[in-house]
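Asks: Going by my numbering, the letters in the sequence shown line up with residues 82 to 333, in that order.
By construction, the Cβ of each residue, glycine as well, lies at the ideal position given by its N, Cα and C atoms.
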Amino acid sequence: MLSSVFMPLVFLVIFGAGFSNIIGNLAPGVNFIKFVYPGIIAQTVLQSSIFSGISIVWDREFGFLKEILVAPLGRSGIVLGKILGAVAIALMQSIFMLILAPFLHVSLTPMTIIQLLPVLALISISLSGLGALIASRMRSQQGFQLVIQVIIFPLMFLSGIFFPVNNVPAWMMVISKINPVTYGVDAVRQIVLGKELAALSGDSGQLQTNSPSPIGVSVFGHTMTTGQDILVVVGIGAILLSLAIWSFNKQE
82 MLSSVFMPLV
92 FLVIFGAGFS
102 NIIGNLAPGV
112 NFIKFVYPGI
122 IAQTVLQSSI
132 FSGISIVWDR
142 EFGFLKEILV
152 APLGRSGIVL
162 GKILGAVAIA
172 LMQSIFMLIL
182 APFLHVSLTP
192 MTIIQLLPVL
202 ALISISLSGL
212 GALIASRMRS
222 QQGFQLVIQV
232 IIFPLMFLSG
242 IFFPVNNVPA
252 WMMVISKINP
262 VTYGVDAVRQ
272 IVLGKELAAL
282 SGDSGQLQTN
292 SPSPIGVSVF
302 GHTMTTGQDI
312 LVVVGIGAIL
322 LSLAIWSFNK
332 QE
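(1) Would you call Val190 buried or exposed, if buried means 16 or more other Cβ atoms sit within 10 Å of its Cβ?
(2) Do you know how far the Cα of Arg220 is from the Cα of Gly144?
(3) For the alpha helix (DSSP H) that contains Thr190, what are its first and last residues?
(4) With DSSP as the reference, please indicate the residues paired to His303 in a beta bridge.
(5) I'd like the list of long-range same chain contacts for Ile149, defined as Cβ closer than 8 Å, with 5 residues on each side in sequence excluded.
(6) I'd like to check one pair, Ile204 with Pro245: are the Cβ atoms closer than 8 Å?
(7) Going along the chain, which unbroken runs of the alpha helix (DSSP H) with 4 or more residues stay wholly within the region 156-239?
(8) Give me the Cα-Cα distance between Thr307 and Val266, rounded to the nearest whole angstrom.
(9) For the alpha helix (DSSP H) that contains Phe145, what are its first and last residues?
(10) Who are the Cβ neighbours of Ala182 in its own chain at under 6 Å, not counting the five residues just before and after it?
(11) If Ser207 and Pro119 are in contact, beta carbons under 8 Å, what's the gap, nearest whole angstrom?
(12) Just confirm the distance between the C-beta atoms of Leu239 and Ser257, as a whole number of angstroms; I'd bet it's less than 8 Å.
(13) Following the continuous alpha helix (DSSP H) through Gly134, name the residue where it begins and the one where it ends.
(14) Residue range of the alpha helix (DSSP H) that Gly265 falls in?
(15) So, Leu172 versus Ala202, is the Cβ gap smaller than 8 Å?
(16) Of the choices Ile137, Ile272, Pro89, Leu165, whose alpha-carbon is the least far from that of Met192?
(17) Roughly how many whole angstroms lie between the Cα atoms of Leu331 and Leu179?
(18) I want to see whether chain B comes within less than 8 Å of Phe87, judged by CB atoms only; does it?
Given below as structure tokens:
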């Protein structure tokens, strides 16, 4: 668990320290470290959840999966059990990242954490569904890791973790906005930076929806709210989870 948060910490330290003074504030009260920090939390969930599918491949490779499949439990239950285990690990890793907030001058209240954890759980369920879907068709751990590495880096770097998706070239903007991780990152960022974004929008905490935000996600000129981001994550997660269960049920 600790080793899996090493890479997000490296990104946070290197990108935060290296670009903070160069880039400056992305919005009033939001410097580069504050901007990246919520994205790093989402990245921790992303990596942990997608790579969780390797346990399915491991079970298959060493023959343990056959013993699981003959158990008096539906295959849907097996997939859900694997995913819930991945969610538990992802949440524990996220809590470790949240402990760093005071050192980064990010203010987190107990209410913010209460709002954040269910969102992180939904993101983890969605991405664990993708990991389980890929794992259901893989026969070796090496093959699974290779496929995941090809998938995870575009999902990560084109999700707005390190830069606002509204201020990139048009082709990159299109790819970023069809990336499901983008909406998870934006939901986490809006919750963590609620006060700063409230000051930016001048209302109760949601970004303005009639003009593009400098650090939010705008779709057809409409800035996504936290609730809308969550709905996108839930919808995509339901599709991925259904496909994972369907694919697993097809296994012999």
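Replies: The structure says:
(1) Within the sequence shown, the letter at position 109 stands for residue 190. The identity of residue 190 in the sequence shown is Thr, whereas the question assumes Val. Thr190 is exposed by the Cβ-count criterion.
(2) Taking the first residue of the sequence shown as position 1, residue 144 is located at position 63. Taking the first residue of the sequence shown as position 1, residue 220 is located at position 139. Cα to Cα, Gly144 sits roughly 11 Å from Arg220.
(3) Along the sequence shown, read from residue 1 onward, the residue named residue 190 stands at position 109. First-last for Thr190: undefined, no H or E at that position.
(4) Residue mapping note: residue 303 aligns to position 222 of the sequence shown, counting from 1. Per DSSP, Val300.
(5) Within the sequence shown, the letter at position 68 stands for residue 149. Taken in chain order, the residues that qualify are Asp140, Ile159.
(6) Residue mapping note: residue 245 aligns to position 164 of the sequence shown, counting from 1. Residue mapping note: residue 204 aligns to position 123 of the sequence shown, counting from 1. No, the pair does not count as a contact, with Cβ atoms beyond the cut-off.
(7) 156-179, 191-216, 222-238
(8) Position 226 of the sequence shown holds residue 307. Position 185 of the sequence shown holds residue 266. Those two C-alpha atoms are separated by around 10 Å.
(9) As a working note, residue 145 is residue 64 in the sequence shown. Taken as a continuous stretch (DSSP letters only), the alpha helix (DSSP H) holding Phe145 covers 145-150.
(10) Walking along the sequence shown from the start, residue 182 turns up at place 101. Correct list, in chain order: Leu189.
(11) As a position in the sequence shown, residue 207 is number 126, starting the count at 1. As a position in the sequence shown, residue 119 is number 38, starting the count at 1. Between Pro119 and Ser207 the Cβ distance is about 17 Å, and since that is not below 8 Å, they are no contact.
(12) Indexing the sequence shown from 1 puts residue 239 at position 158. Indexing the sequence shown from 1 puts residue 257 at position 176. At roughly 5 Å, the Cβ-Cβ gap stays under 8 Å, so Leu239 and Ser257 are in contact.
(13) The residue given as residue 134 occupies position 53 in the sequence shown. No alpha helix (DSSP H) holds Gly134; DSSP gives it neither H nor E.
(14) Here residue 265 is taken as the residue at index 184 of the sequence shown, counted from 1. Taken as a continuous stretch (DSSP letters only), the alpha helix (DSSP H) holding Gly265 covers 261-273.
(15) Your numbering for residue 172 matches position 91 in the sequence shown. Your numbering for residue 202 matches position 121 in the sequence shown. Yes, Cβ-Cβ distance for Leu172 and Ala202 is below 8 Å.
(16) Sequence index remark: in the sequence shown, residue 192 carries index 111 (1-based). It is Ile272.
(17) Here residue 331 is taken as the residue at index 250 of the sequence shown, counted from 1. Here residue 179 is taken as the residue at index 98 of the sequence shown, counted from 1. This sequence places Lys at residue 331; Leu is not what is there. Each residue's alpha carbon lies about 40 Å from the other.
(18) Checking the listed chains, one finds no chain B in this structure; it contains a single protein chain.
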